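Protein chains in written order, with UniProt numbering: chain A, 1 to 326; chain B, 1 to 326. By construction, the Cβ of each residue, glycine as well, lies at the ideal position given by its N, Cα and C atoms. Here the structure is a predicted model, which is why all the values come from computation and not from measurement. Notes follow the structure.
Number of protein chains: 2
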Amino acid sequence: MAVYTEVSDEDVRSFVAQYPLGEVVSCKGIAEGVENSNFLLVTESGPFILTLYEKRVDPADLPFFLGLMEHLAANGVTCPQPVRARDGEALRTLCGRPAVLVTFLKGMWPRRILPEHCAGLGAGLASLHLAGAGFPLKRRNALSVQGWRPLFEASAPRADEVKPGLRDALAAELDHLERSWPADLPAGVIHADLFPDNVFFRDGKLSGLIDFYFACDDLLAYDVAICLNAWCFEPDGSFNITKARLLLANYARTRPLSAAELAALPLLARGSAIRFLLTRLYDWLNTPAGAMVRRKDPLEYLHKLRFHQQVRTVAEYGLDPASLGL
Amino acid sequence: MAVYTEVSDEDVRSFVAQYPLGEVVSCKGIAEGVENSNFLLVTESGPFILTLYEKRVDPADLPFFLGLMEHLAANGVTCPQPVRARDGEALRTLCGRPAVLVTFLKGMWPRRILPEHCAGLGAGLASLHLAGAGFPLKRRNALSVQGWRPLFEASAPRADEVKPGLRDALAAELDHLERSWPADLPAGVIHADLFPDNVFFRDGKLSGLIDFYFACDDLLAYDVAICLNAWCFEPDGSFNITKARLLLANYARTRPLSAAELAALPLLARGSAIRFLLTRLYDWLNTPAGAMVRRKDPLEYLHKLRFHQQVRTVAEYGLDPASLGL
């Protein structure tokens, strides 16, 4: 639930007056998104999403995020589009925060993941990776392998409060990942946070992608690994190989995966698991009990990490490399 | 921030299929309302509000609330209208909770109260009271004078944790209110919770009223007293006599206040103050620290109570009874 900044009706009215969108009809805070304040704003021109960027977003990154959304749309990806005010600028200020109005995207994110969702996701993710080619701005992934050790060290002294032995387990895994992380796989713009609440569907078909505020340059197959973790485990912790196969096969149909990418996938999935484990662990240990934020369980990702540690080949994700001609 | 029940996209789709409104386009939890779960639901027919009634609402009261919204609209009050499904029924079930789809109301509630808002509120409240006449259903006000002592007793043992001496101060006030509470003033349907977030404006003009889930039968002037408390104090605690005068004068222009109602107003305002003080005190003492709810400060209403205890006549609220011909 995310409305961190209270925006007054007067603030909204004078903000919207900067755009050629008519008068404000309604503005309601929405209980989605975790990093920013989001409002569903209706003007005489229709519905929009108003986002105020809170402290976790570096304002210097905003031109990358907004430019990327425009570049992706120009290359066929359905995603929110920053709306430019009368002066031609999309990035503005509201209540002392960077603020942007973006177009409203139809669809709902799936609460219960069905296999068809994973099929659509695979194709959509591959299209995103292809559409990102040629985007001129760059943004390093601060939450990739180089970023994990500082994050680990910030939580290490108290990690065992969450689970005895967690500190040593994470240290050993980090050593392994740092030694083995691949450097020569195809890279480009990745979404880096493509969880179900960022993927909209209508009638079972993917209708758009949102929330590009972790997007960056990194290995494309690492984005696939993030989705394997976010979409293919059941609430009881079991790995759904049917969903994984649909995700991977539909991805590969749009953007072929190389033999090297497939071979690296279990390692990339371990990396993705530790990335979310470490940020959740940090938040778990550093979120005041009274905060208006639901903390996410870091141990969900320890479980996923353990799973991928046992995986030897991509066949265990349901994909026969021979089916891809490899 | 209120989304207590997670509703899946599948649930929403099959719920909306009961109505002649086309397909679901979008459904987002909204961060408004404190008692229920609210969603802004867009279908091919336009936007609606989907409300799931949580445990604080007695399902037996829902026909009163829904019938009242229809009765008021039929008598000229702009308020959300329950939408009937194909079978003619508005009250349904979703995720095991009573649920209703209501029409979407244009406007925003004022975060910073200006005098013009109080003028519009006065006229709107009087219109509501006139429109309520003839509504056949009845609902007792469980949070009027007979309800305060049990509420007090539930919090009394720990009241002094919030402020030393609070228990004795409340006990003395309750004695006074129970002895002096008027019984013979004009009664009818009151809103009973007409705080700024329940009153929408467009361009400074009142555009509608929402959230009738405390509505009941009680003294009409008691509703005025609730608004005096909710709208006429500044954030620094000072009483704004200009706003009070505009509220009362514009109320009286639409529905004349009798001399007896005016004379009772300071006492009714004390009653309204203790009513919100007691419910906030109860919530303050009984809300777990980790709950995802922002607790409201009970002492804000102790301050308001102290103010009204010093008021002798309605002239101290800015209104000259002679100006009303009294």
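Query                                                                                                                                       : Result
Closer than 9 Å at the beta carbon, the chain B residues around arginine 253 of chain A                                                     : Residues of chain B passing the Cβ test: none, with the nearest at roughly 25 Å.
Cβ-Cβ distance between leucine 121 of chain B and tryptophan 231 of chain B below 8 Å                                                       : yes
Contained beta strand (DSSP E) runs [length at least 3] in the segment 152-193 of chain B, N- to C-terminal order                           : 187-190
Pick from A:Trp148, A:Glu234, A:Ser127 that is closest to serine 272 of chain A, judged by C-alpha positions                                : A:Trp148
Exposure of lysine 28 of chain B, with buried meaning 16 or more beta-carbon neighbours within 10 Å                                         : buried
Min CB distance cysteine 27 of chain A to chain B below 8 Å                                                                                 : yes
Neighbour-count burial assignment, lysine 243 of chain A, 16 or more Cβ in a 10 Å radius                                                    : buried
Distance between aspartate 211 of chain B and proline 136 of chain B (C-alpha atoms, nearest Å)                                             : 20 Å
Between the CA atoms of glycine 22 of chain A and alanine 99 of chain A - distance to the nearest angstrom                                  : 19 Å
Residue span of the alpha helix (DSSP H) that contains cysteine 227 of chain A, given as start and end                                      : 220-231
Selected residue, minimal CA-CA separation from leucine 66 of chain B, among B:Ala74, B:Gln81, B:Tyr53                                      : B:Gln81
Chain A within 8 Å of aspartate 283 of chain B, Cβ atoms only                                                                               : no
Cα-Cα separation between arginine 253 of chain B and serine 207 of chain B, rounded to whole angstroms                                      : 19 Å
Local Cβ density within 10 Å of glycine 134 of chain A, reported as buried at 16 or more and exposed below that                             : exposed
Interface residues of chain B facing glycine 107 of chain A [CB-CB closer than 8 Å]                                                         : Val25, Ser26
Alpha-carbon to alpha-carbon, lysine 205 of chain B and asparagine 75 of chain B                                                            : 19 Å
Residues bridged to phenylalanine 200 of chain A [DSSP beta-bridge criterion]                                                               : A:Gly208
CB contact below 8 Å: alanine 31 of chain A versus chain B                                                                                  : yes
Residue environment, threonine 51 of chain A, which counts as buried when at least 16 other CB atoms sit within 10 Å                        : buried
Beta strand (DSSP E) segments (min. 3 residues) lying fully within the segment 76-129 of chain B                                            : 92-94, 97-103
Close beta carbons around leucine 102 of chain A, own chain, < 7 Å, minus the five adjacent residues each side                              : One detail in the question is off: residue 102 of chain A reads as valine in this sequence, not leucine. So the qualifying residues of the chain are Phe48, Ile49, Thr51, Pro80, Gln81, Pro82, Val83.
Min CB distance serine 14 of chain B to chain A below 8 Å                                                                                   : no
Proximity test, Cβ basis, 8 Å: arginine 111 of chain A and chain B                                                                          : yes
is_contact[serine 8 of chain B, chain A] using C-beta, thresh 8 Å                                                                           : yes
Test: leucine 268 of chain A CB closer than 8 Å to a CB of chain B                                                                          : no
For leucine 21 of chain B, three-class secondary structure by DSSP                                                                          : coil
Residues near leucine 319 of chain B in its chain [Cβ-Cβ closer than 7 Å; skip 5 each side]                                                 : Arg245, Leu248, Ala249
Partners in chain B for leucine 40 of chain A, counting only beta-carbon separations shorter than 8 Å                                       : Lys28, Ile30, Leu40
Segment contact flag, the segment 192-206 of chain A with the segment 162-181 of chain A, C-beta cutoff 8 Å, min 3 pairs                    : no
Where phenylalanine 307 of chain B falls: helix, strand or coil (DSSP)                                                                      : helix
Straight-line gap, histidine 62 of chain B to histidine 71 of chain B (C-alpha atoms, nearest Å)                                            : This sequence places leucine at residue 62 of chain B; histidine is not what is there. Between leucine 62 of chain B and histidine 71 of chain B, the C-alpha separation is close to 14 Å.
Proximity of arginine 111 of chain B and phenylalanine 64 of chain B at Cβ, strictly below 8 Å                                              : no
Delimiting residues of the beta strand (DSSP E) encompassing proline 235 of chain A                                                         : It is not in any beta strand (DSSP E) - proline 235 of chain A carries neither H nor E in the DSSP assignment.
Given glutamate 32 of chain A as reference, the closest of A:Asp218, A:Val199, A:Asp297 once Cα atoms are compared                          : A:Val199
Beta strand (DSSP E) runs wholly inside the segment 23-63 of chain B, at least 3 long, in chain order                                       : 24-29, 37-43, 46-52
Cut-off 6 Å between Cβ atoms - residues of its own chain near methionine 1 of chain B, not counting five sequence neighbours on either side : Below a pLDDT of 50, predicted positions are generally treated as unreliable, and methionine 1 of chain B, at 41, falls in that range; no measurement from the model is reported.
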